[in-house]
Amino acid sequence: MIRSSAPDGVPIHVLLIEDNAGDARLILELLRSVTGARVAVERVDRLEPALARLRGAPVDVVLLDLALPDSQDHETFAAVHHLVPDVPIIVLTGMKDENMAARVVHEGAQDYLVKGQVDGPALWRSIRYAVERQHTRLALRSSERKWHAILGAALDAVITVDAAGTIRDWNPRAEVVFGWPAGEVVGKPADAVIPPEHRATYRSALAHFLATGDTTGLGKRVELTALHRDGREFPIEVTVTPIRLDEEWLFCAFLRDITDRRQGEHEIDRLNEVLEARVAERTTALAAANRELEAFTYSVSHDLRAPLRHVSSFVRIFADEFRETLAPKARHYLTRIEDGARRMGHLVDALLMLTRVAKQDLQTRATALTPLVERIVIALKADTTQRRIEWRLGPLPVVACDPRLMEVLLTNLLSNAVKFTRPREHAVIEVGQKTCDGDSVIFVRDNGVGFDMQYADKLFGVFQRQHPSEDFDGTGIGLATVLRIIHKHGWRIWAEAEVDRGATFFFTHNAPAIGSVVSRAQEVA
Amino acid sequence: MSNTGVEILLVEDNSADVELTQHAFEAEHLANRIEVVRDGKEALDFLFCRGDYAHRSFERPPRLVLMDLQLPKVDGIEVLRQVKADARTRAIPVIIMTSSTEESDLVRSYHYGVNSYIQKPVDFHDFQKVVKTLGLYWLLVNAPPPERAFTGAGM
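From first to last, the protein sequence lines are chains A and B. Under our numbering, the first residue of the first sequence carries the number 1, and numbering increases by one thereafter. Under our numbering, the first residue of the second sequence carries the number 1001, and numbering increases by one thereafter.
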């Protein structure tokens, strides 16, 4: 363990390996003579105990005499340096040998000093510098190792190329991506990983940047084609960043193989196509099934009309001609039959309307709702002269819709309001326009009997009723027809109500953008 | 069969409808004589004085034809087309009375020159009102086509 550069006041721990006691004392004297030099010197006189000592607690620097009783010359240095390569060694020897000096410094010694030719300050300086240099070197090495580790661990290939187009660095991931070991490509032209047809482009881009400094296209994530060692071309995503280093340009490329992603994208595209085709197919099948069902409903309700008309008509004639002669009980049954026939007549009419709405093509045009609502209200007023109904008509917009369907829709909602306010002494029915979540909506509000929101989801189903038919006659088809009309226009409808506190129906009247799968599915619903 | 006094030709295959229509006319004392045929072919024979009706004459057409659309053998639209295509029968007022609510039936009927198109009300009282109205109008209010309208003479 190497201590960092000696902070002030902490002495530098020196291991002096010197067999000559006189020389050792002389060295200590030299160091003591320097003002401010703070050293703790420990001495051993042979190589073996020195090595044993160095295996123990760390020292900051070794002052080494090459000539020891148990080791000589270069061998001494090599043994110590081998054992503690990170401890700076200053060779201190009795004879001046330039070759030896050059050799040990080359191999890592911090200095080569000749006894008797060095004074105290020079020795102290040498020791301090050796410790500093070693510290710097280790910090640098640690930093290098860290970067190396990072590049080695990177999941992206990291490559640097110099201004001449020569590969300088090649991390392990690059080896995996391109199939080239670093040793075989570093120092070679980057052409090795660029498909032939792209090489000219790459060279001119490089030249362009070097000539103009124009960084367009650099520092951005781009998708390119790369060349694998086995000749296969594959898609990559790459970012190239120019780095100015020691007066030269290096280009650092971070890149990854996106073959899997491309395949994934293709797979997604393919699945989407399959899905779209399937949705279209199902939509067609569903539309066909719906048309068949509509046709069936239409013909059933149509064919039911004639016999029903006969039943009600003959019952009527019977009643007209014989009611007076009938016993009270017979008259009661006659009334029941008439009621039943009338109800079934309404049902059949409502079913016919429902199927007609479904069959009808949407003929949209700008329709002012105010006159339409006024017309409906006049008709409803004529049927409700016995009742006290307050109609509140707010300003209504001009709406792009099929006016015939809009009339059916509003007639249904308004007659519902009339129907369900029947128990009210003073009924209030309001029609208006407001904004809901940024959408303009039309609403029809009444102060009638309302309904339990718990069953709101059943509101728009065919034959779904919220009240006993004895209390409020109705077919259970009206709101289903309303929903058809709403769907045909691509709108939305919902209701808010509370038992005995009235109900409000809201519907949007701006169709959303068409084109999504959802809206297509909705058309056939 | 007598060739005189036929005021209404009722073309209707359903006996219940025949009875109801007759009942309505009788109740209103509107028609003295209603001739009933049960399919489109019979209607054409009657109007074109052929087959069982060969003894009839084009000079004595019914005052009104009241016809359903769904008929056996030849449907109402085809009967209408042939009647309106022939100068000898063209002037006879033809009223379609049907339970059909198909827009296409309306379109085709008017295209071939129907004089009136009525959707049968379900309720008998309503039906009776309709019969009364149309009877009053076509048999009393409306000026019937003069004889020459059937021969084309003097045009």
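Every residue, glycine too, gets a C-beta built ideally from N, C-alpha and C. Quick caveat, the model's predicted, so the values are computed rather than measured.
Fill in: Whole-angstrom distance between F209/A and E197/A, CA atom to CA atom
20 angstroms
Item to complete: Mark H81/A as exposed unless 16 or more other C-beta atoms lie within 10 angstroms of its C-beta, in which case mark it buried.
Response: buried
Practice prompt. Compare the C-alpha of A182/A against each of D162/A, D191/A, N416/A, D169/A and name the closest.
Written response: D169/A
Discussion item. Between the alpha carbons of P88/A and R43/A, how many angstroms are there, rounded?
Written reply: 16 angstroms
Worksheet item: Could you give the C-beta distance for R229/A and W180/A, rounded to a whole number, given that I count them as a contact under 8 angstroms?
Response: 5 angstroms
Worksheet entry | Cut-off 7 angstroms between Cβ atoms - residues of its own chain near T364/A, not counting five sequence neighbours on either side | A400, C401, D402
Fill in: P235/A, DSSP secondary structure in three states
strand
Worksheet item: So is V274/A buried or exposed if we call it buried at 16+ other beta carbons inside 10 Å?
Response: exposed
Worksheet item: Which residues of chain A have a Cβ atom closer than 7 angstroms to the Cβ of A1016/B, listed in chain order?
Response: H310
Practice prompt. Report yes if the C-beta of A78/A is less than 7 angstroms from at least one heavy atom of the ligand FAD; otherwise report no.
Written response: What this structure holds is no ligand at all, so the ligand FAD is not there to describe.
Fill in: Short Cβ contact (8 angstroms threshold) for L354/A with K488/A
no
Practice prompt. Can you say whether D1068/B is buried or exposed, counting buried as having 16 or more other CB atoms within 10 angstroms of its CB?
Written response: buried
Discussion item. For A319/A, tell me which candidate among F1058/B, N1014/B, H1125/B has the shortest Cα-Cα distance.
Written reply: H1125/B
Discussion item. Which residue marks the beginning of the beta strand (DSSP E) containing S440/A, and which one marks its end?
Written reply: 439-446
Worksheet entry | CA-to-CA distance, A122/A to Q155/A, given in whole angstroms | The question names Gln, but residue 155/A is Leu in the sequence shown. Approximately 51 angstroms between the Cα atoms of the pair.
Discussion item. Checking 8 angstroms against the spacing of the C-beta atoms, do F505/A and L413/A come in under that value?
Written reply: yes
Worksheet item: Which same chain residues, not among the five before or five after V1018/B, have their C-beta less than 6 angstroms away from its C-beta?
Response: E1012, V1036
Item to complete: Provide the residue(s) that pair with Y1117/B in DSSP beta bridges, ordered along the chain.
Response: I1096/B
Worksheet item: Going along the chain, which residues of the segment 329-355 of chain A sit with their C-beta nearer than 7 angstroms to a C-beta in chain B?
Response: G345, L352
Discussion item. Could you check whether I167/A and K127/A sit closer than 8 angstroms to each other, using their CB atoms as the reference points?
Written reply: Looking at the sequence itself, residue 127/A is Ile, so the reference to Lys does not match. No, Cβ-Cβ distance for I127/A and I167/A is not below 8 angstroms.
Item to complete: Please name the residue, chosen from V177/A, I27/A, T239/A, that lies closest to R232/A on a Cα-to-Cα basis.
Response: V177/A
Worksheet item: What residues of chain B sit near A358/A, judged by a beta carbon separation below 8 angstroms?
Response: The contacting residues do not exist; A358/A stays about 14 angstroms from chain B at best.
Discussion item. Counting C-beta neighbours from all protein chains within 10 Å, is the total for W124/A 16 or more, i.e. buried, or is it exposed?
Written reply: buried
Worksheet item: Could one say the Cβ of F1124/B lies closer than 8 angstroms to chain A's Cβ atoms, at least one of them?
Response: yes
Practice prompt. Mark R305/A as exposed unless 16 or more other C-beta atoms lie within 10 angstroms of its C-beta, in which case mark it buried.
Written response: buried
Practice prompt. Taking only the alpha-carbon atoms, compute the straight-line gap between R331/A and E324/A and give it to the nearest angstrom.
Written response: 9 angstroms
Worksheet item: Could one say the Cβ of I317/A lies closer than 8 angstroms to chain B's Cβ atoms, at least one of them?
Response: yes
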